[in-house]
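Terminal number for the sequence shown in our numbering: 639, no gaps in between. Ideal Cβ positions, reconstructed from N, Cα and C, are used throughout, including at glycine. Below you'll find the structure, written out as structure tokens, and then a few comments.
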Amino acid sequence: MTEYESRKWIILVATIWIQAFTGTNFDFSAYSSELKGVLGISQVQLNYLATASDLGKALGWSSGLALMYMPLWSVMFVAAFMGLFGYGIQWLIILDYVSLPYFVVFFLCLLAGSSITWFNTVCFVLCIKNFPSNRPLALALTVSFNGVSAALYNLAAISLNPSSTHIYLLLNAFIPLFTSIASLIPILRQPPVDPLPSDSIKHEQLIFVLLNSLAMITGFYLLFVHSNDISTARVIFGGAILLLVLPLGIPGIIYARDWFQRKVFSSFTLQGSGFLLVDDDDLEFHREFISRENSQINVTSYGDVTLRFIGSSGEGCCGKEDQLFMLGEEHKAGMLVKRVDFWLYYLAYFCGGTIGLVYSNNLGQIAQSLGHSSMTSTLITLYSSFSFFGRLLSAAPDFIRLKFYFARTGWLAIALVPTPIAFFIVAASGNEAALQAGTALIGLSSGFIFAAAVSITSELFGPNSVGVNHNILITNIPIGSLVYGFLAALIYDNNAAAFSIQMVNDSVVCMGRKCYFTTFIWWGCLAIVGLVSSVLLFLRTRPAYERFEQNRRISLLE
Numbered sequence: 082m083t084e085y086e087s088r089k090w091i092i093l094v095a096t097i098w099i100q101a102f103t104g105t106n107f108d109f110s111a112y113s114s115e116l117k118g119v120l121g122i123s124q125v126q127l128n129y130l131a132t133a134s135d136l137g138k139a140l141g142w143s144s145g146l147a148l149m150y151m152p153l154w155s156v157m158f159v160a161a162f163m164g165l166f167g168y169g170i171q172w173l174i175i176l177d178y179v180s181l182p183y184f185v186v187f188f189l190c191l192l193a194g195s196s197i198t199w200f201n202t203v204c205f206v207l208c209i210k211n212f213p214s215n216r217p218l219a220l221a222l223t224v225s226f227n228g229v230s231a232a233l234y235n236l237a238a239i240s241l242n243p244s245s246t247h248i249y250l251l252l253n254a255f256i257p258l259f260t261s262i263a264s265l266i267p268i269l270r271q272p273p274v275d276p277l278p279s280d281s282i283k284h285e286q287l288i289f290v291l292l293n294s295l296a297m298i299t300g301f302y303l304l305f306v307h308s309n310d311i312s313t314a315r316v317i318f319g320g321a322i323l324l325l326v327l328p329l330g331i332p333g334i335i336y337a338r339d340w341f342q343r344k345v346f347s348s349f350t351l352q353g354s355g356f357l358l359v360d361d362d363d364l365e366f367h368r369e370f371i372s373r374e375n376s377q378i379n380v381t382s383y384g385d386v387t388l389r390f391i392g393s394s395g396e397g398c399c400g401k402e403d404q405l406f407m408l409g410e411e412h413k414a415g416m417l418v419k420r421v422d423f424w425l426y427y428l429a430y431f432c433g434g435t436i437g438l439v440y441s442n443n444l445g446q447i448a449q450s451l452g453h454s455s456m457t458s459t460l461i462t463l464y465s466s467f468s469f470f471g472r473l474l475s476a477a478p479d480f481i482r483l484k485f486y487f488a489r490t491g492w493l494a495i496a497l498v499p500t501p502i503a504f505f506i507v508a509a510s511g512n513e514a515a516l517q518a519g520t521a522l523i524g525l526s527s528g529f530i531f532a533a534a535v536s537i538t539s540e541l542f543g544p545n546s547v548g549v550n551h552n553i554l555i556t557n558i559p560i561g562s563l564v565y566g567f568l569a570a571l572i573y574d575n576n577a578a579a580f581s582i583q584m585v586n587d588s589v590v591c592m593g594r595k596c597y598f599t600t601f602i603w604w605g606c607l608a609i610v611g612l613v614s615s616v617l618l619f620l621r622t623r624p625a626y627e628r629f630e631q632n633r634r635i636s637l638l639e
């Protein structure tokens with residue numbers, strides 16, 4: 082039993098490694114300017130390449146289909162070789178070793194973007210299979226580490242060659258492959274999953290609290306400890322790797338658990354704590370990922386809890402007949418697209434998280450146009466670190482629910498508040514402080530939205546349909562990447578004639594605040610639209626959340 086539990090925690094650590102080193106799309110802005118110069122393309126054409134990478138996320142269903150015919154480890158290595166091929170060929174293009182037409186580069190970006198979704202599927206399946214009693218906590222923790230990828234890659238790049246930007250493509254190609262090799266043995270030696278007694282479940286939850294604390298330390302380390310000196314950067318990078326390896330001590334904690342319980346735990350109580358961890362008898366349907374392998378891994382099982390709902394329709398706070406009256410009602414695709422609540426949710430995501438992602442894709446050109454090219458790597462680390470904190474914060478509603486309960490759609494609305502503020506700050510002043518503050522706020526907001534989205538989708542539109550429904554929701558990412566990126570690129574190119582310098586292969590770069598000023602104003606206004614949409618969604622769904630919480634509390638008293 083102890084050996085099996087140890088293997089389970091090692092798998093969780095391997096999943097953290099995979100997530101931490103496969104968020105390769107977040108460092109696009111680090112090498113995008115050089116790629117643009119080598120290809121001799123306009124800003125609009127560069128935006129299409131960023132869109133291709135984001136479009137790969139809409140093909141996530143293909144990984145679930147692959148799991149029906151391939152073992153999990155092979156899906157992981159397919160993802161690794163997709164990234165190796167997609168990023169590796171781009172690296173050769175930048176070095177002028179090969180010359181390929183634009184449409185081939187577009188395909189390479191699409192392939193590289195698809196590899197990320199395949200890795201995500203592997204991680205979701207590992208968490209779901211090995212932590213059936215604490216799936217939400219396992220998923221929340223591991224998904225958060227995807228947000229630190231850019232910071233880790235930035236440290237690695239500085240450690241090797243701080244003056245080179247194409248080094249990011251080389252790292253993007255090989256590090257996920259090396260990570261997959263390191264994770265292979267734990268994945269092959271997955272333990273059998275047996276139902277856990279209630280004390281083991283509580284011990285698991287305490288370990289997750291410990292791991293979340295360690296994750297916070299990792300985030301602060303990556304945010305505040307940095308250097309442009311190669312030797313110092315190597316030491317810092319080694320420290321970051323050490324922090325990622327430290328969770329391997331969890332098996333030791335498992336071995337010492339009985340001693341701790343006998344000697345210490347008996348005199349220590351958590352009664353009165355503000356934390357309400359997910360119990361085996363009170364598992365809510367959140368942070369669940371449902372792939373094509375659902376039937377094999379029993380994704381739709383949520384413990385012994387029976388969710389009792391009252392009615393299926395009714396008049397709510399907004400007086401809409403199609404307003405959600407209860408949580409968890411299953412929505413097939415046809416029913417989903419007829420829901421006003423879904424389109425409010427879609428618009429909130431489209432004008433919130435997606436617009437933040439597009440901002441991160443353009444960070445290289447934004448810093449360059451404002452005369453802060455040397456800050457690009459710092460801005461990438463800043464966005465990455467705060468995105469990580471935002472993802473961790475998305476679990477806060479579950480921890481404080483005992484003392485303060487608030488609808489998750491309300492937290493979504495709160496998370497959207499910083500985005501328009503950030504864009505207007507950057508538009509009002511192009512100095513370094515404003516750019517850093519805006520980037521941090523956008524990263525924090527986007528990270529929260531990305532991590533909370535699966536939970537909200539399953540709560541509003543049903544846990545059994547969350548796989549299909551969430552894929553419908555995230556179609557807004559490639560659409561937003563195209564629309565917002567095209568808007569920014571069009572304004573950029575129109576200003577390039579007046580504010581530009583000549584670059585390689587006749588590619589030009591716009592210089593001055595005017596290059597992105599109008600874009601920031603547009604993005605800020607669109608973010609306000611997303612905020613308004615999220616507030617309307619909260620007002621329409623609040624009665625359903627309150628009803629659910631009331632029924633949950635009643636069931637706990639029975």
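Neighbourhood of residue i by C-beta, 6 Å cutoff - its chain only, sequence neighbours within 5 removed
i	result
Gln631	none
Gly300	Ser466, Phe469, Phe470
Pro501	Gly605, Ala608, Ile609
Val439	Ser562, Tyr565, Gly566
Ile537	Arg489
Leu192	Met163, Gly167
Phe529	Gly471, Leu474, Ser475, Ala496
Ala161	Pro257, Leu258, Ser261
Leu425	Ser614, Leu617, Leu618
Trp492	Pro478
Distance between residue j and residue i (C-alpha atoms, nearest Å)
i	j	result
Phe629	Asn575	52 Å
Trp154	Leu620	44 Å
Val290	Leu324	16 Å
Ile268	Ser143	21 Å
Ala131	Cys432	18 Å
Leu165	Phe531	25 Å
Asn552	Ser312	44 Å
Glu540	Ser527	20 Å
Pro544	Val535	10 Å
Ala509	Ala515	8 Å
Val421	Leu405	9 Å
Gly452	Gly445	11 Å
Trp90	Pro273	13 Å
Three-state class that DSSP yields for residue i in the structure shown
i	result
Cys591	strand
Ile122	coil
Asp422	helix
Gly434	helix
Ala102	The sequence shown places Phe at residue 102, rather than the Ala named in the question. In the structure shown, Phe102 sits in a helix (DSSP, three-state: H, G or I).
Val498	coil
Asn227	helix
Met163	helix
Glu627	helix
Tyr273	Reading the sequence as shown, one finds Pro at residue 273 and not Tyr. It is coil, neither helix nor strand.
Thr246	coil
Phe305	helix
Phe406	coil
C-beta atoms of residue i and residue j nearer than 9 Å
i	j	result
Ala488	Thr622	yes
Ile197	Thr105	yes
Phe102	Thr260	yes
Ala263	Phe187	no
Gly511	Arg594	yes
Gly118	Gly194	no
Ala219	Asn227	no
Leu183	Gln126	According to the sequence shown, residue 183 is Tyr rather than Leu. Their beta carbons are under 9 Å apart, which means Tyr183 touches Gln126 by this criterion.
Ala254	Ala111	no
Ala139	Ile436	no
First through last residue of the alpha helix (DSSP H) which encompasses residue i
i	result
Val564	557–577
Gln449	444–450
Arg315	311–326
Val185	183–211
Glu640	Coverage of the chain is limited to positions 82 through 639, which leaves residue 640 absent and any answer about it impossible.
Ala488	First-last for Ala488: undefined, no H or E at that position.
Met149	Element bounds for Met149: n/a, residue is neither H nor E.
Cut-off 8 Å between Cβ atoms - residues of its own chain near residue i, not counting five sequence neighbours on either side
i	result
Leu463	Leu304, Gln517, Thr520, Ala521, Gly524
Leu428	Val610, Gly611, Ser614
Sequence-distant residues of its chain with Cβ nearer than 7 Å to residue i (five each side left out)
i	result
Cys596	Ser450, Tyr573, Asn576, Phe580
Phe318	Leu236, Ala237, Ser240
Arg270	Arg88
Gln100	Cys204, Thr223, Val224, Phe226, Asn227
Min CB distance residue i to chain C below 9 Å
i	result
Ile122	Looking for chain C here will not work: only one protein chain is present.
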